[in-house]
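Visitor: When the letters of the sequence shown are read in order and numbered with the working numbering, they come out as residues 924 to 1194.
Once you've had a glance at the structure underneath, I'll fire off some questions.
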Amino acid sequence: MPGGAPPGGPAGGTAYGLGGGGGGGSVVQDTTGAFEGCSYRIDHRDSNSILTVTLQQGYGIKAKPGAMVAMAGTVQIQGSMKISFTKMMTGGEMSESRYTGPGELILAPEIWGDIVPIPIQPNVTWSVGKDAYLGCTMGVTRTTKSQGLMKGLMSGEGFFVAKVSGQGIFFAQSIGAILKRELRPGEEWIVDNGHLVAWSASYSMERINTSGGGLFSASHTGEGMVCRFRGPGTVYLQTRNPESLGQWIAAQVPRGGSGGGGGGGLAGLAF
924 MPGGAPPGGP AGGTAYGLGG GGGGGSVVQD TTGAFEGCSY RIDHRDSNSI
974 LTVTLQQGYG IKAKPGAMVA MAGTVQIQGS MKISFTKMMT GGEMSESRYT
1024 GPGELILAPE IWGDIVPIPI QPNVTWSVGK DAYLGCTMGV TRTTKSQGLM
1074 KGLMSGEGFF VAKVSGQGIF FAQSIGAILK RELRPGEEWI VDNGHLVAWS
1124 ASYSMERINT SGGGLFSASH TGEGMVCRFR GPGTVYLQTR NPESLGQWIA
1174 AQVPRGGSGG GGGGGLAGLA F
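Written as structure tokens, this is what we have:
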């Protein structure tokens, strides 16, 4: 399949580091892999990533609406609608696009960021952030579950969280690069909730503790409620917090009618 995604084989090198028990990263490289009638390649990592999928005859993939960049003329596309009360309440996607091969398909997030393939196995259920879904193979199922009052108020994901199960590959997207943390049994890892992408470990919500100074000191750290994860399990993080990034961008927008001036403005942003 010239020019397409790799014909198969095990998943290739990955750039999303932070192995269990330590930090550190690695040089960004393309990620390749295959699953049941399709092969894929993720390149232009780690902030302008695109996903190229090569589908065999009759095999397909599901994706969020509007994610398609380009596709071969032989690929068939079909839309589907899934209406539910929880999706209406959470603002979740009520529709998705289904692509059926043969041919090549290119998908990308709507904003600069990374893409990672998460293998989904029948015995493990994943939770994913409300904006993390880019696409998945046909054997993967997404549902919406209640996560309780406290987590709903404090997690940043609302009262319902997306659950992913089945068997196949879930393609997660992010804002900024993606870090992966493997947690050993009993190991704890504290994460600012705005940086969550996907996780299979259990967690609880709490206010971050500071060394001396009490609540007033905590308010000056810029941190508030966090997620305390406990292994075993895996946590994927994004390097940019959407809320903080939005506030920073808003601060760069010139106010009033002045056409120039200091402060940089949007002209100084690098996209």
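All C-beta atoms, glycine included, are put in the ideal place defined by N, C-alpha and C.
For Glu1027, which of Pro1040, Val1047 and Gln979 has the nearest alpha-carbon?
Guide: Locating residue 1027 in the sequence shown gives position 104, where the first residue counts as 1. Closest by alpha carbon: Gln979.
Visitor: Between which two residues does the beta strand (DSSP E) containing Gln1170 stretch?
Guide: Mapped onto the sequence shown, residue 1170 falls at position 247. No beta strand (DSSP E) holds Gln1170; the alpha helix (DSSP H) holding it covers Pro1165 to Gln1175.
Visitor: May I have the straight-line CA-CA distance separating Asn1046 from Val1084, to the nearest angstrom?
Guide: Locating residue 1046 in the sequence shown gives position 123, counting from the first residue. Locating residue 1084 in the sequence shown gives position 161, counting from the first residue. Going from the Cα of Asn1046 to the Cα of Val1084 covers about 19 Å.
Visitor: Would you check if the segment 1158–1166 and the segment 1108–1120 touch, i.e. whether three or more CB-CB distances between them fall below 8 Å?
Guide: yes
Visitor: With distance defined between alpha-carbon atoms, name the residue in Pro1040, Ile1172 and Trp1035 nearest to Thr975.
Guide: Sequence index remark: in the sequence shown, residue 975 carries index 52 (1-based). The candidate whose alpha carbon is nearest that of Thr975 is Pro1040.
Visitor: Around the Cβ of Gln1001, are there at least 16 other Cβ atoms within 10 angstroms (buried) or fewer (exposed)?
Guide: For the purposes of this step, residue 1001 is identified with residue 78 of the sequence shown, where counting begins at 1. Exposed, since its Cβ has fewer than 16 Cβ neighbours within 10 Å.
Visitor: Please report how far the alpha carbon of Ile1043 lies from the alpha carbon of Asp1037, in whole angstroms.
Guide: The residue you call residue 1043 lines up with position 120 of the sequence shown. The residue you call residue 1037 lines up with position 114 of the sequence shown. When rounded, the distance between both Cα atoms is 19 Å.
Visitor: Are Thr1060 and Ile973 close, meaning C-beta to C-beta below 8 Å?
Guide: On the sequence shown, position 137 is the one that residue 1060 refers to. On the sequence shown, position 50 is the one that residue 973 refers to. Not closer than 8 Å, so no.
Visitor: Using the Cα positions of Gly996 and Tyr1022, report the straight-line distance between them to the nearest angstrom.
Guide: Position 73 of the sequence shown holds residue 996. Position 99 of the sequence shown holds residue 1022. In a straight line, the C-alpha of Gly996 is about 12 Å away from that of Tyr1022.
Visitor: DSSP on Asn971, reduced to helix/strand/coil?
Guide: Within the sequence shown, the letter at position 48 stands for residue 971. It is a strand residue.
Visitor: What residue from Ser1020, Ile1098, Trp1049 and Lys1086 has the CA that sits closest to Leu1168's CA?
Guide: In the sequence shown, the residue the question calls residue 1168 occupies position 245. Of Ser1020, Ile1098, Trp1049 and Lys1086, the smallest CA-CA separation from Leu1168 is found for Ile1098.
Visitor: Quick check: Ala1195 and Glu1019, are their CB atoms within less than 8 Å of each other?
Guide: The requested residue 1195 does not occur in the structure, where the chain is confined to residues 924 to 1194.
Visitor: Give the secondary structure of Gly1117 by DSSP, where H, G and I count as helix, E and B as strand, and everything else as coil.
Guide: Translated into positions along the sequence shown, residue 1117 becomes position 194. Helix, per DSSP.
Visitor: Using the Cα positions of Gln999 and Cys961, report the straight-line distance between them to the nearest angstrom.
Guide: Walking along the sequence shown from the start, residue 999 turns up at place 76. Walking along the sequence shown from the start, residue 961 turns up at place 38. A direct Cα-to-Cα measurement between Gln999 and Cys961 gives close to 15 Å.
Visitor: For Arg1021, does the three-state DSSP call read helix, strand or coil?
Guide: Locating residue 1021 in the sequence shown gives position 98, counting from the first residue. Strand.
Visitor: Going by the CB atoms, is the gap between Gly1089 and Thr1067 shorter than 8 Å?
Guide: The count along the sequence shown starts at 1 and reaches residue 1067 at position 144. The count along the sequence shown starts at 1 and reaches residue 1089 at position 166. The answer is no: Cβ separation not under 8 Å.
Visitor: Going by CA-CA distance only, name the one from Ile1131, Arg1104 and Ala957 that's closest to Ser1123.
Guide: As a first step, residue 1123 must be located in the sequence shown, where it is residue number 200. Among Ile1131, Arg1104 and Ala957, the Cα nearest to that of Ser1123 is on Arg1104.
Visitor: Give the straight-line distance between the Cα atoms of Cys1150 and Leu1106, rounded to the nearest whole angstrom.
Guide: Residue mapping note: residue 1150 aligns to position 227 of the sequence shown, counting from 1. Residue mapping note: residue 1106 aligns to position 183 of the sequence shown, counting from 1. Taking the straight line from one Cα to the other gives about 14 Å.
Visitor: Would you kindly work out how many angstroms separate the C-alpha atoms of Tyr963 and Arg1163, rounded to a whole number?
Guide: Working through the sequence shown from its first residue, we reach residue 963 at position 40. Working through the sequence shown from its first residue, we reach residue 1163 at position 240. Approximately 26 Å between the Cα atoms of the pair.
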